[in-house]
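As given, the protein sequences belong to chains A and B, one line each in that order. Using this note's numbering, the first residue of the first sequence is number 7, and each one after it goes up by one. Using this note's numbering, the first residue of the second sequence is number 7, and each one after it goes up by one. Beta carbons are placed, not taken as given, at the ideal position from N, Cα and C, and that holds for glycine. All values reported here derive from a predicted model rather than from experimental measurement. Here is the structure we will look at.
There are 2 protein chains.
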Amino acid sequence: MGEKSTIKKKYILGKAREVFAEKGFKNVTMKDIVDACDISRGGLYLYFSGTDELFLAVLADDIAEDDEEAVTAALSGNASAGDMLALFLKEQKKEILRKKNNLTVATYEYFSVNKVSAKDNPLKKQFDTAVKIVEKLIENGVESGEFYCENPLGCARNLMYVVEGLKITSKTVGINEEVIDKELMYVLEGLVPDELNNNSN
Amino acid sequence: MGEKSTIKKKYILGKAREVFAEKGFKNVTMKDIVDACDISRGGLYLYFSGTDELFLAVLADDIAEDDEEAVTAALSGNASAGDMLALFLKEQKKEILRKKNNLTVATYEYFSVNKVSAKDNPLKKQFDTAVKIVEKLIENGVESGEFYCENPLGCARNLMYVVEGLKITSKTVGINEEVIDKELMYVLEGLVPDELNNNSN
Numbered sequence: 007m008g009e010k011s012t013i014k015k016k017y018i019l020g021k022a023r024e025v026f027a028e029k030g031f032k033n034v035t036m037k038d039i040v041d042a043c044d045i046s047r048g049g050l051y052l053y054f055s056g057t058d059e060l061f062l063a064v065l066a067d068d069i070a071e072d073d074e075e076a077v078t079a080a081l082s083g084n085a086s087a088g089d090m091l092a093l094f095l096k097e098q099k100k101e102i103l104r105k106k107n108n109l110t111v112a113t114y115e116y117f118s119v120n121k122v123s124a125k126d127n128p129l130k131k132q133f134d135t136a137v138k139i140v141e142k143l144i145e146n147g148v149e150s151g152e153f154y155c156e157n158p159l160g161c162a163r164n165l166m167y168v169v170e171g172l173k174i175t176s177k178t179v180g181i182n183e184e185v186i187d188k189e190l191m192y193v194l195e196g197l198v199p200d201e202l203n204n205n206s207n
Numbered sequence: 007m008g009e010k011s012t013i014k015k016k017y018i019l020g021k022a023r024e025v026f027a028e029k030g031f032k033n034v035t036m037k038d039i040v041d042a043c044d045i046s047r048g049g050l051y052l053y054f055s056g057t058d059e060l061f062l063a064v065l066a067d068d069i070a071e072d073d074e075e076a077v078t079a080a081l082s083g084n085a086s087a088g089d090m091l092a093l094f095l096k097e098q099k100k101e102i103l104r105k106k107n108n109l110t111v112a113t114y115e116y117f118s119v120n121k122v123s124a125k126d127n128p129l130k131k132q133f134d135t136a137v138k139i140v141e142k143l144i145e146n147g148v149e150s151g152e153f154y155c156e157n158p159l160g161c162a163r164n165l166m167y168v169v170e171g172l173k174i175t176s177k178t179v180g181i182n183e184e185v186i187d188k189e190l191m192y193v194l195e196g197l198v199p200d201e202l203n204n205n206s207n
């Protein structure tokens with residue numbers, strides 16, 4: 007794809023993201039995207055065959071950026087494993103609390119009508135990547151003696167399912183930063199060796 | 007409310023539930039409910055002023071039944087705390103895997119346009135009740151020596167956020183019984199005293 011096409015495609019994805027965030031998935035038509043982008047119908051169809059393809063591209067684009075930032079932030083630098091895990095969780099917290107351009111509702115509407123194979127599912131890739139990052143950070147922490155954990159993969163998965171639970175609960179019940187901190191701290195405390203955690207014992 | 011009215015209301019809620027499960031929330035009109043119930047428009051408005059009120063009633067009705075069964079199952083009988091917790095989690099698993107009459111998408115659509123105060127939010131009540139049940143079961147298990155846990159409330163909340171995460175992931179990524187078992191077992195294993203859990207240590 008030429009540079010101009012890449013820029014145009016990126017532009018369409020950005021606008022489409024705003025439309026999906028505002029209207030969900032089910033009620034969005036290609037006409038809505040044409041209007042939001044202020045381009046011709048033919049110009050849009052050159053890049054995307056319909057709202058299904060377009061939504062999946064928005065989702066994948068979004069996640070690719072998030073992941074890259076998260077991985078870079080989490081695995082680079084000289085910070086301790088604990089600090090890097092805290093940084094990673096801070097990013098997750100921002101995502102949980104994000105109100106603008108949030109695709110949550112559109113995502114559930116999309117997946118309620120479309121079946122996507124695990125291989126092509128950007129949400130599965132995102133979840134698996136996050137689990138891998140957390141697992142690696144815990145392993146690093148165990149090696150350096152900062153953490154104690156017999157099952158880093160299990161703990162990483164537990165943490166990421168809690169993050170998913172918090173994401174959804176923030177939409178339905180409404181939760182604040184304090185609640186999120188409490189839940190994430192519960193998992194982190196489980197990683198701290200007993201002699202540091204329970205001085206009373 | 008007279009018995010006849012109660013039956014009629016229950017009938018409307020059952021039919022409305024089917025409609026919301028099929029169509030979500032945003033696209034459902036009072037006409038859809040009238041058609042599904044095969045009653046007059048006036049007959050429906052006698053009970054509910056609009057789809058907002060109706061959906062919240064469906065949600066509350068649904069949860070009231072679930073909760074009652076769960077509490078009864080979880081806190082009665084002579085079974086051990088471990089067995090009762092396993093029974094409670096089996097119910098959660100059924101809910102996670104439930105395909106028919108599932109209100110998940112309608113719920114997110116509803117909460118994306120409506121703000122419900124924490125006090126009146128049936129989902130918050132459901133979550134808090136579940137946390138209380140699990141906390142109580144863990145406390146019972148600690149007392150009987152079955153479990154070891156320094157923070158039963160923290161563990162209960164962790165478990166219920168994992169359940170929420172699994173519910174949502176089952177809609178978007180698709181998960182099977184094995185994945186659910188693995189996540190729930192991770193939490194349960196954390197409750198088993200070390201001498202039982204790690205014979206190798």
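Query                                                                                                                                              : Result
Do B/Phe-31 and A/Thr-178 have their CB atoms nearer than 8 Å?                                                                                     : no
Between which two residues does the alpha helix (DSSP H) carrying A/Tyr-192 extend?                                                                : 183–197
Taking 8 Å as the threshold (beta carbon to beta carbon), is B/Thr-57 in contact with chain A?                                                     : no
Here's the rule I'm using: 16 or more other beta-carbon atoms within 10 Å means buried, otherwise exposed. How should A/Thr-12 be labelled?        : exposed
Roughly how many angstroms separate the alpha carbons of A/Asp-38 and A/Asn-107, rounded to a whole number?                                        : 16 Å
Nearest CA to the CA of A/Glu-141: which residue from A/Ala-66, A/Gly-171 and A/Val-193?                                                           : A/Val-193
Nearest-angstrom Cα distance between B/Ile-45 and A/Glu-195?                                                                                       : 57 Å
Which first and last residues belong to the alpha helix (DSSP H) in which B/Asn-146 is found?                                                      : 128–150
A/Cys-155 and A/Leu-190: beta carbons closer than 8 Å?                                                                                             : no
Counting along the chain, where does the alpha helix (DSSP H) carrying A/Ile-102 start and finish?                                                 : 87–103
Of the choices B/Leu-62, B/Phe-133, B/Gly-147 and B/Val-119, whose alpha-carbon is the least far from that of B/Gly-171?                           : B/Phe-133
Below 8 Å between beta carbons: does that hold for B/Pro-158 and B/Ala-66?                                                                         : no
According to the Cβ coordinates, are B/Val-25 and B/Val-34 closer than 8 Å?                                                                        : yes
Name the chain B residues whose beta carbon is nearer than 9 Å to that of A/Glu-115?                                                               : Gly-30, Lys-32, Val-111, Tyr-114 and Glu-115
Quick one, which residues of the segment 123–140 of chain B are near chain A if we go by CB-CB under 8 Å, in chain order?                          : Ala-124, Asn-127, Leu-129, Lys-130 and Phe-133
Give the interface partners of A/Ile-174 over in chain B, defined as CB-CB distance under 7 Å, in chain order.                                     : Glu-170 and Ile-174
Straight-line CA distance for B/Ile-102 to B/Gly-49?                                                                                               : 35 Å
Among the residues of its own chain, which have a CB less than 6 Å from the CB of B/Lys-16, if the five just before and after it don't count?      : none
Who are the Cβ neighbours of B/Thr-175 in its own chain at under 6 Å, not counting the five residues just before and after it?                     : Ile-181
Three-state secondary structure (DSSP) at B/Cys-43?                                                                                                : helix
Flag this pair as yes or no: are the beta carbons of A/Ala-22 and A/Leu-62 separated by less than 8 Å?                                             : no
Taking only beta-carbon atoms, is A/Thr-178 less than 8 Å away from chain B?                                                                       : yes
Taking buried to mean at least 16 other C-beta atoms within 10 Å of its own C-beta, is A/Asn-120 buried or exposed?                                : exposed
How big is the Cα-Cα spacing for A/Gly-88 and B/Asn-164?                                                                                           : 20 Å
Assuming the contact rule is C-beta atoms closer than 8 Å, A/Ser-150 and A/Ser-86 should be a hit. Round their C-beta distance to whole Å, please. : 7 Å
First and last residue of the alpha helix (DSSP H) that includes B/Tyr-114?                                                                        : 110–119
Closest Cβ-Cβ distance between A/Val-193 and chain D: below 8 Å?                                                                                   : The question asks about chain D, but that chain is absent: this structure's protein chains are A and B.
What is the C-beta distance between A/Val-137 and A/Met-166, in whole angstroms, given that I count them as a contact (C-beta under 8 Å)?          : 5 Å
Which term fits B/Asn-205, buried or exposed, when burial requires 16 or more other beta carbons within 10 angstroms of its beta carbon?           : At B/Asn-205 the pLDDT is 49, less than 50, meaning the model places this residue with poor confidence; the figure from the coordinates comes in the next sentence. B/Asn-205 should be labelled exposed.
Please confirm whether A/Arg-163 has its beta-carbon closer than 8 Å to some beta-carbon of chain B.                                               : yes
Taking the straight line between their C-alpha atoms, what separation do you get for A/Lys-105 and A/Ala-92?                                       : 22 Å
May I have the straight-line CA-CA distance separating A/Ile-18 from A/Arg-47, to the nearest angstrom?                                            : 12 Å
Buried or exposed: where does B/Tyr-51 fall if 16 or more other Cβ atoms within 10 Å of its Cβ makes it buried?                                    : exposed
Going by C-alpha to C-alpha distance, which of B/Tyr-53, B/Ile-186, B/Tyr-114 and B/Pro-199 sits closest to B/Val-148?                             : B/Pro-199
Is it true that the CB of A/Ala-27 sits closer than 8 Å to the CB of A/Leu-109?                                                                    : yes
Quick one: which chain A residues come within Cβ less than 7 Å of B/Gly-160?                                                                       : Tyr-192
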